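Asks:
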Amino acid sequence: MPTPLRNHPITSSQNPADLLNAATRLFGGSIVTSPLGELCGGDHELRGVAAHDFAVGYFASPLDVRVASAKSRRRGSYFVNIGVSGAISASRGNLRATLDEATAGVVNPGDIQELRPLRGPQTRFLGLRIDAALVDQEFATLTGHPPVSTVRFDFALDLAGSKGRAVRLLVRSLLEQLDSGDPLFQRAELQRSQLRCLVTALLLAQPHSHTGELHDGPRPGHPRSLRAALAFIEANLAEHISVDGIAAAAGCSPRTLSSAFRGRLGLSPMAYVRNLRLDRIRQDILASSDPVGTIAYRWGVSHLGRFAGEYRDRFAELPSATASRR
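When the letters of the sequence shown are read in order and numbered with our numbering, they come out as residues 3 to 328.
1) When you compare the stretch 170-177 with the stretch 196-208, are there three or more beta-carbon pairs, one atom per stretch, that lie closer than 8 Å?
2) I need the straight-line Cα distance from I114 to V67, nearest angstrom please.
3) Identify whether F141 lies in helix, strand or coil by the three-state DSSP scheme.
4) Using the C-alpha atoms, what's the distance from V108 back to T213?
5) How long is the line joining the alpha carbons of R282 and Y80, rounded to whole angstroms?
6) What is the DSSP secondary structure of V150, counted as helix, strand or coil?
7) Rounded to a whole number of angstroms, what is the C-alpha to C-alpha distance between D156 and G166?
8) Tell me whether I90 sits in a helix, a strand or coil according to DSSP, three-state version.
9) Hey, G39 and L7 are a contact pair by Cβ (cut 8 Å); roughly how many whole angstroms apart?
10) Let me know if Q16 comes out buried or exposed under the rule of 16 or more other beta-carbons within 10 Å of its beta-carbon.
11) Report yes if the CB atom of T35 is closer than 8 Å to the CB atom of V58, and no otherwise.
12) Among all the DSSP beta bridges, which residues are the ones paired with G129?
13) Can the beta-carbon of S377 be found closer than 8 Å to that of L21?
14) Would you check if the distance between the CB atom of L65 and the CB atom of P11 is smaller than 8 Å?
15) Give me the Cα-Cα distance between Y60 and L28, rounded to the nearest whole angstrom.
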């Protein structure tokens, strides 16, 4: 892999504390880094790019580090670590793997990871942060419903295998876009489109706690009424939606509808509507310059105070905080 992010330097120092502080800033406070053992000398370099739903950093350092999720980020982030040169002894809980150009490590929200560069050729690696909300959104796109619990990936990802190669190629494509200097590729819309492809490839390539829902298709007995209800919600998300209205579109009683939602999706019909609206509102806040209230009303929100509280519960920040990053 060519040296990535060459036009995006952040720090180059012989003080390892500079690297740790820069990494925390790059990943938007989503991590807490600490050294494993004494701080070591040598050259410590970080290059990187941060955007709304992701950040990617290129690390060149001999430092052994522990990386934990910051407690302030309720929903958390996923991390994908890929070797550029040399190798890293990595762990996630009691799982271990050697990361290099052929093997990546996937870390789930809330996990603690330890990274120890192996001695020998200078170790360089990429760290990609992906917002958990984006993984949930792409899972919902693939299945028609959000995950009922956190998607938890297996640790070691084989980048040399037929499925893993797609992830590696998409990461490389993202880096090439960021390095191109072309203003078109710096637009958030294109970066997000590329990242969505990458997340979809990760969901399809790497085993995780919900893999069966992606490869097995609908469960036996999956009710037609539920499929009709989901289609109705999608088509009318910006309008006033009630349980009675969804049930009428699905051709069943409200009680049958609620039972189908709770049994298949793990939440009530109106909770599903609320979550889907919040996800769409967040996407629009990040992608446009319209006021938050205008966007919320556009998606059928009628009470801004209640909306702000629900948004904070789902994304661990107020809508105004999201808008400040545009």
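Positions of the beta carbon are idealized from the N, C-alpha and C atoms, including for glycine. Note that the structure is predicted; figures quoted are calculated from it, not measured.
Replies: Quick answer:
1) Verdict: yes, contact present.
2) As a working mapping, residue 114 is identified with position 112 in the sequence shown. As a working mapping, residue 67 is identified with position 65 in the sequence shown. Cα to Cα, I114 sits roughly 11 Å from V67.
3) As a working note, residue 141 is residue 139 in the sequence shown. In this structure, F141 counts as helix in the three-state DSSP scheme.
4) To locate residue 213, count along the sequence shown from 1; it is residue 211. To locate residue 108, count along the sequence shown from 1; it is residue 106. Computed Cα separation, rounded: 15 Å.
5) Walking along the sequence shown from the start, residue 282 turns up at place 280. Walking along the sequence shown from the start, residue 80 turns up at place 78. Taking the straight line from one Cα to the other gives about 20 Å.
6) Working through the sequence shown from its first residue, we reach residue 150 at position 148. Three-state DSSP puts V150 in coil, outside helix and strand.
7) Reading the sequence shown from its first residue, position 154 is the one you call residue 156. Reading the sequence shown from its first residue, position 164 is the one you call residue 166. Each residue's Cα considered, the two are about 13 Å apart.
8) Position 88 of the sequence shown holds residue 90. In the structure shown, I90 sits in a strand (DSSP, three-state: E or B).
9) Here residue 39 refers to the residue found at position 37 when the sequence shown is read from its first residue. Here residue 7 refers to the residue found at position 5 when the sequence shown is read from its first residue. 28 Å between Cβ atoms; not a contact.
10) Against the sequence shown, residue 16 aligns to sequence position 14. Label assigned to Q16: exposed.
11) Working through the sequence shown from its first residue, we reach residue 35 at position 33. Working through the sequence shown from its first residue, we reach residue 58 at position 56. Going by C-beta atoms, T35 is not nearer than 8 Å to V58.
12) Within the sequence shown, numbered from 1, the residue matching residue 129 stands at position 127. According to DSSP, G129 bridges with G59, N83.
13) This structure does not reach residue 377, given that the chain is present from 3 up to 328, and the question cannot be answered.
14) Along the sequence shown, one-based indexing puts residue 65 at 63. Along the sequence shown, one-based indexing puts residue 11 at 9. No. Outside cutoff.
15) Position 58 of the sequence shown, counted from the first residue, corresponds to residue 60. Position 26 of the sequence shown, counted from the first residue, corresponds to residue 28. For Y60 and L28, the distance between alpha carbons rounds to 11 Å.
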